[in-house]
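In this text, residue positions in the sequence shown follow the working numbering: the first is 706, and each later residue adds one.
From the three backbone atoms N, C-alpha and C, an ideal C-beta is built for every residue, glycine too.
All figures in this text were calculated on a predicted structure; none of them were measured in a lab.
One structure is given here, and the rest of the page talks about it.
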Amino acid sequence: MPSFDITSETDFVALKNAVDVAGRHIGNRYDFKGTSAQAELNEKDKLITVHGDSEFQIGQVKDILFPEMEKKERESTKRLDAGAVQTVSGNKAKQELKIKTGIEQELAKQIVKQLKDSKLKVQASIQGDAVRVTGAKRDLLQEAIALVRKSITDYPLTYGNFRD
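Encoded structure:
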C-alpha cells in the first residue's frame, strides 16, 4: 500500500547561510556602525540570538534577517518561536528565537483527526515527530496532501518518503 510521511524539518545549512548573509548586510549598513547589532545561530541549541542596542534596533535586524531566511527556505520564519526582548548590561538588548523542528503532538493529532473526518480512505498514524499516511491508491494520497496543505497554513510542513 502506498504511503508518505508528513514532517517538518529545518535545513540548518540554508539557515546558517541566511544568518551569515544577514550578518554581512548588518555590517555594511551605516546606521549599524559602532553598535552591537548582530544575529547569530546556535545549531546545537536550535536558537537564533538577535543582539542590538534597543528593542527598535532588534526589530530592524529581524527585518533584515527574515527576508533572507525566506529566500533560502520558504516559510522558515513560521517555525520561529520568539522569546521576550531582554536587556543585557545596561543599554544593550537581545532576543532569542527558538527554532521548532518536527511536528508537535497537538498538530499531529489535528492532522490525523482532519484526515479521518474528511472521509478519505486513508489511514494516518503518528510516528514520533512525523505523521504517516497510508492509502490504497496514489490519488487518495494526493487528495490527502491537498487537504492538509489547504488547512494547515501556520506551520511549514513537508511531504516526503513516498513509498509504493
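Pick helix, strand or coil for residue i, following the three-state DSSP scheme.
i: tyrosine 864; result: strand
i: leucine 720; result: helix
i: leucine 845; result: helix
i: serine 830; result: strand
i: aspartate 725; result: helix
i: glycine 732; result: helix
i: serine 741; result: coil
i: serine 708; result: strand
Which whole-angstrom value describes the C-beta separation of residue i and residue j, a residue pair presumed to lie in contact below a C-beta threshold of 8 angstroms?
i: glycine 807; j: serine 713; result: 6 angstroms
i: leucine 862; j: isoleucine 711; result: 6 angstroms
i: methionine 706; j: alanine 829; result: Rounded, the Cβ-Cβ distance is 13 angstroms, inconsistent with contact.
Within 10 Å of its beta-carbon, does residue i have 16 or more other beta-carbons around it, so buried, or fewer, so exposed?
i: serine 781; result: buried
i: glutamate 773; result: buried
i: valine 793; result: exposed
Find out if the Cβ-Cβ distance for the pair residue i, residue j is shorter than 8 angstroms.
i: phenylalanine 867; j: phenylalanine 709; result: yes
i: lysine 721; j: leucine 746; result: yes
i: alanine 744; j: glycine 732; result: no
i: alanine 849; j: valine 817; result: no
i: serine 796; j: aspartate 736; result: Just to set this straight, residue 796 is asparagine in the shown sequence, not serine. Their beta carbons are not under 8 angstroms apart, which means asparagine 796 does not touch aspartate 736 by this criterion.
i: glutamate 778; j: alanine 719; result: yes
i: glutamine 860; j: arginine 784; result: The displayed chain sequence assigns tyrosine, not glutamine, to residue 860. The answer is yes: Cβ separation under 8 angstroms.
i: lysine 805; j: aspartate 786; result: yes
With a floor of 4 residues, list each alpha helix (DSSP H) that falls wholly inside the stretch 743-827, ordered by position along the chain. Entirely contained in the stretch 743-827, the alpha helix (DSSP H) runs reaching 4 residues are, in chain order, 760-777, 810-822.
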